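In my numbering, the protein residues as written are 1006 to 1528.
Just so you know, even glycine gets a beta-carbon here, dropped at the ideal spot from N, CA and C.
Treat the numbers as computed from the prediction; the structure is a model and nothing was measured.
These notes concern the structure reproduced below.
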Amino acid sequence: MKTTLLLLLLLLACMPAGAQNYDLCPALDISGADLCNDACVFCFLDGQEGSTQGFTGQSANGFCDSVENDQWYGFIANATTATISVAASTCLFGDGVQVALYPACGATPIPGGCNPGAPNGAGVPASITVDLIPGNVYYLMVDGYDGDGCNFKISVDPPGAVLSGNPVKHEILLCKNETYAINGIDYAAPDTITVITPVPDACDKIDVYYLLEKTYIPVTQQVTFCPGESVTVDGVVYQQAATVTKILPGSGGCDTLLTYNIGFDPDAGACPSCSETFFKTIGFEGQNVRGYGIFEAGDGNLYVTGTKQDSALLMKIYPSGGVIWSRTFDITPGANDNIAEVIEDSEGMIAGCGQSGDLQPDLTGFVFRYDPVSGNMLWVRTFSEESPYVTGILEKAPGGNYLVYSNPHQPVNDAGLTEISRLDGSFLPSFLSKRLNLGAADNFNSALISNGNFYGSGVLPWEMPSPTCAIPSHASTCRTAISPIPRSTMCRPATSRGCTVWTCCWKTPTSFLQVLATKTAKI
């Protein structure tokens, strides 16, 4: 059936792929340009006439002779090879002209595209035979040999090797059994038809029609449902976000490609069945699934961390409990991968840390950066030295590196700080990468960066040499879980590596636990 798809006609005033930008010459009877960058594109180069007189010598990279009074002509190639000749006449000195062909201004002549002319050569046209790329713009330079002033005429063989107008591209999408009419003739896809319409005293009108096969008519439908509910599409029940495609056969034309985008309704107000209070289980009988942490996402949703079998589990959920996506990462095969903390950095990426294994001294620490939009793991770094419990991760500043705090176990049990490269996760020899020897067994429990300062807190066992000690002036008593203890026997100021702000001691049956709040370094 004949169809004129006027509504599908796509008009693009451009050349095929790879063509350069250019300006068509405003008239047919203008001369060449003194500078290549000022040259316009001639639609009738064959037969163009000019003179070398009145032009000045300019720079011409890679020219095979000297330049005295050059001028430039642009044109669009329409053949793979061409011979361009410039015949001189009425020369002042009888030397004639010299020519060169450039693929772009500022470039060097193309292979075979330079003819330096010769003394007393006015009687012989300066010719070049070159290979061309159809659709590309080229620039012809014409120069008087040794500055000779000559009239000249340009000829191109074959004549059709240079386009005579500005092509306009039309892309037509056709289903099978459909045709498109061009000047009263029906054409089917795939095909390419070029129509040249002469225009008196102007460049020709050139239309290029690309008839392309259209296999499907795309139709998209959005299907939304509330977290915790389900939706049935084409007889299948979905409880998670999904994309489903289905082909509906057409009758004699294109088939319809139907795409269902199934997702949770982001508007909590549109889900009256959703409640801020919920209890949700994830996993199935026989699976080893554990949940460890929950963290805020920048878009108001939540990240949940845990393990599934022996792999690290990372999920994103709605505040109402619906799962947006779930990912697992087997960082160290054969060991339980436990994520200690994740943060959403200033670029929207997820940075996380943790350890593989459950008990020291055989732990492997890890740090990773993950793109939650593309689902790509950007990098993972593991480190088994020191058998560390990796506690948390911070972003030093927006766009800055990460700072990981941990509890290394071997060879000494000191609280650890390590600066990590944001780009690839490599460990950096920063002044913040250090071990804090505060006692027998040090451990960072929590840390933050505030106003450019790093603050950390933790615990350490400390055997007291005697039952008495001095006290800081601001403390009166310290407490056990049962009753107050006189300050003369329980509290004292402490010194340590770094800057200790205060310490306070709570008695246990065998030792004192020293609670620290330290300001270690300016970031």
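**OP:** Classify C1119 as helix, strand or coil using the three-state DSSP reduction.
**Re:** strand
Subject >> Coil, strand or helix - N1188 by DSSP >> reply: coil
Original post:
Would you report the Cα separation of S1501 and S1379, rounded to the nearest angstrom?
Top reply: Because S1501 carries a pLDDT of 37, less than 50, the predicted location of this residue cannot be relied on, and no value is offered for it.
**OP:** Using the DSSP secondary-structure output, state which residues sit across from P1172 in a beta bridge.
**Re:** I1211
Original post:
By Cβ distance below 7 Å, which residues in the same chain neighbour G1118 in space, the five residues on each side in sequence not counted?
Top reply: A1105, L1106, I1133 and V1135
Original post:
Helix, strand or coil for D1070 per DSSP?
Top reply: coil
Original post:
Could you give the distance in angstroms between the alpha-carbon of L1428 and the alpha-carbon of Y1407?
Top reply: 10 Å
Original post:
Just checking my contact of T1225 with T1264 at CB under 8 Å: how many whole Å lie between their CB atoms?
Top reply: 5 Å
Subject >> Secondary structure of C1474, DSSP reduced to three states >> reply: For C1474, the predicted structure reports a pLDDT of 37, less than 50, and the residue's modelled location is therefore unreliable. A value from the coordinates is still provided. The answer is coil: DSSP assigns C1474 none of H, G, I, E or B.
Subject >> Residue interval of the beta strand (DSSP E) (run including S1451) >> reply: N1448 to S1455
Original post:
Can you round the beta-carbon distance between P1434 and S1392 to whole angstroms, since I take them to be within the 8 Å contact cut?
Top reply: At roughly 22 Å, the Cβ-Cβ gap does not stay under 8 Å, so P1434 and S1392 are not in contact.
Original post:
Which residues does DSSP pair with A1087 in a beta bridge?
Top reply: V1135
Subject >> Same chain, Cβ closer than 6 Å to D1196, five either side skipped, listed in chain order >> reply: L1216
**OP:** Report the rounded CA-to-CA distance for S1389 versus T1250, giving the unit in angstroms.
**Re:** 46 Å
**OP:** Rounded to whole angstroms, what's the CA-CA distance from G1303 to S1351? Just pull it up for me.
**Re:** 9 Å
Original post:
Over what stretch of residues does the beta strand (DSSP E) that includes N1381 continue unbroken?
Top reply: Its beta strand (DSSP E) spans residues N1381 to F1388.
Subject >> Within 7 Å, strictly: CB atoms of V1161 and L1050 >> reply: V1161 places its beta carbon less than 7 Å from that of L1050.
**OP:** Within 10 angstroms of the Cβ of T1248, are there 16 or more other Cβ atoms? Answer buried if so, exposed if not.
**Re:** exposed
**OP:** Mind reading off the beta-carbon distance from N1341 to S1325? Whole number of angstroms is fine, and I expect it under 8 Å.
**Re:** For a cut-off of 8 Å, the C-beta gap from N1341 to S1325 is around 30 Å, too long to register as a contact.
Subject >> Where N1343 falls: helix, strand or coil (DSSP) >> reply: strand
Subject >> Secondary structure of Y1323, DSSP reduced to three states >> reply: coil
Original post:
Taking T1220 as the reference, which of L1137, L1364, D1270 and D1260 has the closest Cα?
Top reply: D1260
**OP:** Using only alpha-carbon positions, find the residue among A1123, V1228, I1089 and L1364 that is nearest to A1166.
**Re:** I1089
Original post:
With burial defined as no fewer than 16 other Cβ atoms inside 10 Å of the residue's Cβ, what is the status of E1400: buried or exposed?
Top reply: buried
Original post:
Can the beta-carbon of F1269 be found closer than 7 Å to that of G1305?
Top reply: No, Cβ-Cβ distance for F1269 and G1305 is not below 7 Å.
Original post:
Taking the alpha carbon of E1054 as the point to measure from, which residue in K1439, A1092 and I1299 has its own alpha carbon closest?
Top reply: A1092
Original post:
Which residues bound the beta strand (DSSP E) around G1296?
Top reply: V1294 to E1301
Original post:
Based on the DSSP output, what are the partners of I1425 in its beta bridges?
Top reply: DSSP, once it has assigned bridges, lists Y1407 and F1432 as partnering I1425.
Original post:
Looking only at C-alpha atoms, which of Q1076, V1072, D1151 and L1145 sits nearest to L1097?
Top reply: Check the Cα spacing between L1097 and each of Q1076, V1072, D1151 and L1145: the tightest is with D1151.
Subject >> Alpha-carbon to alpha-carbon, A1032 and P1121 >> reply: The alpha-carbon separation between P1121 and A1032 amounts to approximately 30 Å.
**OP:** Have a look at I1187 and G1079 and give me their C-alpha separation to the nearest angstrom.
**Re:** The straight-line gap from Cα to Cα measures roughly 31 Å.
Original post:
According to DSSP, is C1358 helix, strand or coil?
Top reply: Strand at C1358.
**OP:** Starting from P1223, follow its DSSP beta bridges and name the residues at the other end.
**Re:** Beta-bridge pairing links P1223 to L1262.
Original post:
Does the stretch 1224-1243 come close enough to the stretch 1189-1203 that 3 or more CB-CB pairs lie under 8 Å?
Top reply: no
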